[in-house]
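Chains as they are written, first to last, in our numbering: chain A, 14 to 488; chain B, 163 to 577.
Glycine residues also receive a C-beta, built at the ideal position from the N, C-alpha and C atoms.
Note that the structure is predicted; figures quoted are calculated from it, not measured.
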């Protein structure tokens, strides 16, 4: 749809010509993130600071358009995909970093790439702990929106544990700062409400993050198993032994094979499952914990144990894990990367059910799992150009969610609800729960200006005033 | 019904290889500069897919998105789905050229026809050499000025290594055919001489076939795909008799390695193509060339994109510098393009300039007085942006000079 001319004119007046794009090609290329849902974009804006964001918010409101924030577009749940024609606020040009070395904090723009922050602070011996697998590309604004985790959130906690304050623009165009340098801010903890709100409360323009000292020692190892159940039993026993590894990841055989084609890390492609475990801390503790993991693995029949000999091998192991979700196009042109959580001790059952669902639907499934905290990422691999395939994949995804909840787990581990799981929210929340969330959201954004139709399903409000919600958004 | 007009168009299979994960984005120089999806590899592939599907027209907006790409192929090295972005983009550029035959015609004419003619290159070289001597640089348009500033001192008289055949005498390890190249031959004569010398020292017979031509990389990048195919076919013939086809310009060696996409008979030549730095590094590793003791000096390494990203050659130039006695200083962990990018510096001087300044700042931060770069375009760009305080040279040239001075030293010592 062509952008309303005077909307674009007004935006250009505020941001300059190079800060606004609204040609059909721009509308198309910004209408989707890394997931499977496409939305509709009217105009794309690139504000450089909170004042400009505020201007965009007011202009969009005046013209009656909703607003959706977007970083690098690596989200998988459609959190940056408009459910109705919207003005997009792209945060990539808000990428300032101001480090406070003494306090181990940094004020960062939402457009800073996650890994860039850790690289910039490496010389100070610091890093930003949340490390989603897309960390080389995803932005901190997106991490805040989705309360992102990553392999190391097993020990370190997710984004909310590493954000001290957030500056954001609300629906009235006001610039607010919530939280502060104190670990426990006075008053209501609105900061924790904003983190994970998936862009429904406002647009984040600055973030005060906590930086974590790099551990003095790290050991990373691969353990190969000829049965998935052996790998799963190893995970359970490692956690039960009292160790909290820095990360404990699993990949199944199809996944390992796809990844090996890209990284050439000599991965054990014959194994049914591979565990990637990392321990960090003081040298003596690291050695002892690595020994425990290795001996537990061997007791459960590990066919191969490989300890990273140097930093290069360690990084290669992580590259293998973190490129998993992109590596599948060698097998089929499309993938649906899912995100659910199950209790850790039911991993074997869950995987068997996932394989059974895929078999029933005649789909190929590959698994990467944050095994330590039971966060599943089944990837359903398919060819979207085959009519009906996407629908089959989506129905399989719903079955996987239902199974996860039946086993005592939940909807989403770290990708967010977005458009993807909005209509499954009622599987885990009662009408009263949803009403409370809707009322909280409306305290900041009464008119559902920000990311409407995302996260909360239609009718969440007990008194629903019939707001337009996502036509054509799926699930 | 497809909108594509040429046989070079991106194929459905090539485009489907992208799963839109976005891992390429931070590796793309133009995305880094703009933060704009339409300036990213994923955006460009999506634009191609939309045009192929008829969702978007093949219009000037599409052309702009394709032509903003540097074709550095950094995204290719970052792609877990192994999208062959360089090849796909060359196809898209050929389509843009077919759809807009008037725009960019001069550039394609230069890349597709003039560069293959030693006479045409010779005339241009003479003009530039004159300008160097009488100081007429300011007469040239700004887009050519950076290149002129970064050139080595050019000879007024044309000379060429074509037709050379050396090192046949002493039971050579193998016969290598050296690509003379379009501008390497007149503009980088010293690099050619040193390459030949080092390869002969390593035990190779080096021949420079007379009937070879420009590799065609610039033609392919600029959308003159048919010309690129014609040039490749000529080289397939010219290099039929040698064991290895060697180029000492990264852009050329990368293109030779991709000949399979350019011309039907190209796959076989591609299997014999190798960058000179790889061959020399191997010879050093095998003990056929000496490892010189440390000279206590530092040298920075600049990775040409078509060496590092397109061919994944990273260690070899470094090991050559170390063998020459230098401590190697890294300047850029990502190997972001310096902005030279073939004809890009002429076609899009502003973007090229911004990237050139970034790279120069990285070199200055390393506080070195020598930078090694194995590609002529990068060398010119670096010299133009660094000024006279830092020497820029080919790694093989640096190694050869170290060999000469070690030899002189030995002679002086024994004499």
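- At least 8 Å separates the CB of residue 540(B) from every CB of chain A.
- Per DSSP, the beta bridge partners of residue 380(A) are 391(A).
- By the Cβ test, the segment 85–100 of chain A is in contact with the segment 41–60 of chain A, since at least three Cβ pairs between them sit closer than 8 Å.
- DSSP lists no beta-bridge partner residue for residue 169(B).
- Residue range 230–238 is occupied by the beta strand (DSSP E) that includes residue 234(A).
- DSSP lists 225(A) as the bridge partner or partners of residue 140(A).
- Each of 194(B), 524(B) and 260(B) was checked against the Cα of residue 84(A), and the nearest Cα belongs to 194(B).
- The three-state reading of DSSP puts residue 535(B) in strand, counting E and B together.
- Residue environment analysis places residue 277(A) among the exposed positions, since fewer than 16 neighbouring C-beta atoms fall within 10 angstroms of its C-beta.
- Under DSSP, residue 464(B) forms a beta bridge with 535(B).
- The beta carbon of residue 209(B) sits closer than 8 Å to some beta carbon of chain A.
- In this model, residue 39(A) and residue 332(A) are separated by some 32 Å (Cα to Cα).
- Under DSSP, residue 45(A) shares a beta bridge with 51(A).
- Counting only the Cα atoms, residue 289(A) lies some 18 Å from residue 228(A).
- Residues of the same chain with a CB within less than 8 Å of the CB of residue 313(A), apart from the 5 flanking positions on each side, are 238, 243, 244, 246, 247 and 250 in chain order.
- With fewer than 16 other beta carbons inside 10 angstroms of its own, residue 264(B) counts as exposed.
- Going by DSSP, residue 448(A) is part of no beta strand (DSSP E) but of the alpha helix (DSSP H) stretching over 444–457.
- Between the alpha carbons of residue 266(A) and residue 334(A) lies a gap of roughly 13 Å.
- Distance from the CA atom of residue 254(A) to the CA atom of residue 135(A), rounded to whole angstroms, is 32 Å.
- By a beta-carbon distance limit of 8 Å, residue 285(B) does not contact residue 327(B). Their separation comes to about 28 Å.
- Between residue 229(B) and residue 167(B), the CB-CB gap reaches or exceeds 8 Å.
- A Cβ of chain A is located within less than 8 Å of the beta carbon of residue 227(B).
- In the structure shown, the three-state DSSP call for residue 281(B) is helix.
- Excluding five sequence positions before and after residue 376(B), the CB atoms of its chain that fall closer than 8 Å to its own CB belong to 277, 278, 343, 344 and 393, given in chain order.
- Per the coordinates, the alpha-carbon of residue 244(B) lies some 16 Å from the alpha-carbon of residue 423(B).
- Residue 47(A) places its beta carbon 8 Å or farther from that of residue 101(A).
- Judged by pairs of C-beta atoms under 8 Å, the segment 465–485 of chain B touches the segment 526–540 of chain B, as three or more such pairs exist.
- For residue 339(B), the enclosing beta strand (DSSP E) has its first and last residue at 337–340.
- Where residue 263(A) is concerned, the enclosing beta strand (DSSP E) starts and stops at 260–265.
- Of all residues in the segment 506–535 of chain B, none has a C-beta nearer than 9 Å to a C-beta of chain A.
- Residues of the segment 86–104 of chain A whose Cβ lies closer than 7 Å to any Cβ of chain B, in chain order: 86, 87 and 103.
- Restricted to the segment 54–107 of chain A, the beta strand (DSSP E) segments that are unbroken, complete and at least 3 residues in length are 54–58, 80–83 and 99–103, listed in chain order.
- For the segment 27–54 of chain A, the residues whose beta carbon sits under 9 Å from a beta carbon of chain B are, in order, 31, 34, 36, 37, 38, 39, 41, 42, 43, 45, 46, 47 and 48.
- Here the segment 335–353 of chain A makes contact with the segment 174–187 of chain B; the two share three or more CB pairs at distances below 8 Å.
- Taking a C-beta cut-off of 9 Å against chain A, the contacting residues of the segment 180–196 of chain B are 180, 181, 182, 183, 184, 185, 186, 187, 188, 189, 193 and 196, listed in chain order.
- Residues of chain A whose Cβ lies closer than 9 Å to the Cβ of residue 244(B) are, in chain order, 274, 275, 340, 342 and 343.
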